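In case it helps, my numbering puts the sequence shown at residues 1288 to 1865.
Quick reminder that beta carbons are idealized off the backbone N, C-alpha and C, glycines included.
None of the values given here were measured: they were computed from a predicted structure.
Step one of this worksheet: look at the structure below.
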Amino acid sequence: MTPKKILRRPQPDSSPVWGASLPPILRRLYAARGIRSDDELSYTLKHLASPMELRGIERAVGLLAEAIIQKQKVLVLGDFDADGATSTAVAMLGLTMLGVADIDFRVPSRFSDGYGLTPGIIERLHHEGELPDLMVTVDNGISAVEGVKAAQNLGIKVIVTDHHLAGEVLPDADAIVNPNQPGCPFLSKNAAGVGVMFYVLTALRKHLRDAGSLPTPEPNLGHLLDLVALGTVADVVPLDHNNRIFVEQGLRRIRKGEARPGILALLEVAGRDYTAISSTDLGFVVGPRLNAAGRLDDMSIGIACLLADSPDEARRLAKELDTFNRERRTIEKDMKAQAQDLLASMSLDIDGLPWGLALFDPDWHQGVIGILAARIREQTHRPTIAFAPDDDGEHLKGSARSIPGLHIRDALAVVDARHPGMMKKYGGHAMAAGMTIDKDDLEAFGKAFDQAVRDSVKAEDLEAAIVTDGPLSVGELSLDTANLLKRAGPWGQHFPEPVFDGEFRVVNQRIVGENHLKLVLQPMDGSGIVDGIAFNTGPEVPDYTKTGARVVYKPDANTFRGRTNLQLLIDYLEPLPV
């Protein structure tokens, strides 16, 4: 494992005055994550921010109500990731529940269409004779200036629902609902695309109720919260209080077996018990299987799985998605090996690498370069862009992943300002972005990106670090703590799952499954032993039995042959000084 600094999460100067009924460990963990009142730990729906605070929502609701009354044809335009898929499913199901009779969806192809609403998509709809009266974008559209114009030129009204950062020019849509558009007072700027679409539905339901035109019985939009939870976690948006409400409410539905058959089927093919899942399962089990369709084939398969009413149909589609995910893993493994060779050719040691990495191989797959960039970023702790050939043979598509302290979209804006036209298009968030360049500009772009990174961060920002919640006491190192922490979420981006560190004697160690390190650990005070496992270490590891180890871990409940015991899931370990 790459050496890392182990930093401990700062604790408030004084003990919190709230949460008197909470176990001490939870009071400490919540306080370190910025919780300041009991209300922030209440995940009832009444604590959600009001949808009416979203700029443009009244106009969007008016257009949708008009579409219902006039029986207009509505087309939902989605995106090819998990947030886009869940947003599309929520829009399709919710609008149908509220009275839209003629509705369908389209998802751009990652390979032939690119991202979002483009003029090419409108041209294809026109050619097919499938023009809708109203188009609703979900998880995209805020940058679709030309696409919106093309739609309106053919008489299509456009509602943009999105959460991405706005550019200097907004599309001239009939309505825009995006908490990150200029002038929007909505407090939860971290909503995922699926959360924005859910808010539009709740506002539409209120409008129809007030007008006396709601279908009977009144639709229960709570039935969609499992999808909202999945999209929110899978898109790795910060889990502020509003998003934690969405995720917790969705998890409760899933644990009761009240989720969409597609979500239950995806958990089934992954071997997960839906009654005991956590937000981590949504992010690392369900999300990747859903994303695999958009990465390798067509996200319409993933959306079909989420929309399936029949458990048998959902199970068939979930197995297909699982196959895609296995294929994605194989491609990713090969690409990572190629990237390792490329890194080795650039420098013999990490100190000689550029501060901003721009990597390319002609055999890399467009659908997996984002994951590859993330893996290389984790290994090198440098902002990384992985490029793959575009279908036209003249351009390269890149996917970027950043490090804490560098807003990757801002860094790309610096490159664009210094070298106008080098990037044909770009966009993204603080931690992830995408761009297209001419293949002949790769070397120049790499140098420009490296310089932009050097101008934005300090050398110490490139040092890999892992932040922990400190040690667990002997009394806290228990199965009860593992179960308590699992129930205490939802954990996620900016509300991180608790992770601890401590020094242990290593009683025994062995490699299992070729790449995983299984250990038997004993705290240095000589108290009872505990199992630990570190995944994907590779077969070559130090002999920790001779030195002991400092271990960064999460306590977990491991069930084997009908017995459940404490097991430490090891994120990082290093030998103790001898």
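CB contact below 7 angstroms: Met-1379 versus chain D = Among the chains of the structure shown, chain D does not appear; only one protein chain is present.
Would you identify the three-state DSSP class for Ile-1564, choosing helix, strand or coil?
-> coil
Can you give me the start and stop residues for the alpha helix (DSSP H) that Ile-1355 sits inside?
-> 1344-1356
Backbone CA spacing between Pro-1395 and Asn-1427 [nearest angstrom] = 11 angstroms
Integer Cβ distance of Gly-1589 from Gly-1581, believed to fall under 8 angstroms = 7 angstroms
For the putative contact between Thr-1851 and Leu-1766, defined by C-beta atoms under 8 angstroms, what is the C-beta separation to the nearest angstrom?
-> 7 angstroms
Quick one: give me the first and last residue of the alpha helix (DSSP H) that Glu-1730 is part of.
-> 1729-1741
Between the beta-carbon of Ala-1739 and the beta-carbon of Val-1702, is there less than 7 angstroms?
-> yes
So is Glu-1747 buried or exposed if we call it buried at 16+ other beta carbons inside 10 Å?
-> exposed
Kindly indicate the opening and closing residues of the alpha helix (DSSP H) around Val-1534.
-> 1528-1542
Is the beta carbon of Thr-1375 less than 7 angstroms from the beta carbon of Leu-1404?
-> no
To which residues does DSSP link Gly-1685 through a beta bridge?
-> Phe-1674 and Met-1722
Host alpha helix (DSSP H) of Val-1445 (start-end) = That residue, Val-1445, is in no alpha helix (DSSP H); its beta strand (DSSP E) goes 1444-1448.
Roughly how many whole angstroms lie between the Cα atoms of Val-1655 and Gly-1558?
-> 24 angstroms
Taking just the CA atoms, how far does Ala-1775 sit from Asp-1513?
-> 18 angstroms
Which parts of the region 1432-1487 are runs of the beta strand (DSSP E), unbroken and 3 residues or longer, counting only runs that do not cross its ends?
-> 1444-1448 and 1462-1464
Own chain, CB closer than 8 angstroms to Met-1710, minus 5 neighbours either side, in chain order = Leu-1699, Val-1702, Asp-1703, Met-1722, Thr-1723, Ile-1724 and Phe-1732
Take Lys-1805 as the anchor and find which of Leu-1860, Arg-1539, Ser-1814 and Val-1523 has the nearest alpha-carbon.
-> Leu-1860
How long is the line joining the alpha carbons of Ala-1311 and Val-1573, rounded to whole angstroms?
-> Inspection of the sequence shows that residue 1311 is occupied by Pro rather than by Ala. If I take the Cα positions, the gap works out to 33 angstroms.
Quick one: grab the DSSP three-state call for Leu-1635.
-> Unreliable positioning characterises Leu-1635 in this predicted model, as indicated by a pLDDT of 44, which lies under 50. A coordinate reading is not provided.
Inter-stretch contact at 8 angstroms, needing at least 3 Cβ pairs: the region 1773-1787 / the region 1795-1811 = no
Check Arg-1669 in the structure and name its three-state DSSP category.
-> coil
From the DSSP output, in three-state form, read off Tyr-1840 for me.
-> strand
Over the uninterrupted beta strand (DSSP E) stretch that includes Lys-1292, give me the two end residues.
-> 1292-1295
For the beta strand (DSSP E) holding Tyr-1859, just list the boundary residues, first then last.
-> 1850-1862
Where does Gly-1518 sit, in a helix, a strand or coil, going by DSSP?
-> helix
Under the three-state DSSP convention, the category Arg-1792 falls into = strand
Spatial distance of Gly-1381 from Leu-1362 (CA atoms) = 13 angstroms
Met-1339 classed as buried or exposed, judged by whether at least 16 other C-beta atoms fall within 10 angstroms | exposed
Give the C-beta separation of Leu-1856 and Lys-1841 to the nearest angstrom, bearing in mind that I take them to be a contact with Cβ-Cβ under 8 angstroms.
-> 5 angstroms
Hey, Phe-1611 and Leu-1629: beta-carbon distance below 7 angstroms or not?
-> no
Identify every residue that forms a DSSP beta bridge with Asp-1818.
-> Val-1807 and Gln-1854
Report yes if the C-beta distance between Ile-1618 and His-1668 is below 7 angstroms; otherwise report no.
-> no
At what residues does the beta strand (DSSP E) containing Arg-1547 begin and finish?
-> Premise fails: Arg-1547 is in no beta strand (DSSP E) and is neither H nor E.
Determine the burial state of Ile-1753: buried for a count of at least 16 other Cβ atoms within 10 Å of its Cβ, exposed for fewer.
-> exposed
How would you call Arg-1662, buried or exposed, if buried means at least 16 neighbouring beta carbons within 10 angstroms?
-> buried
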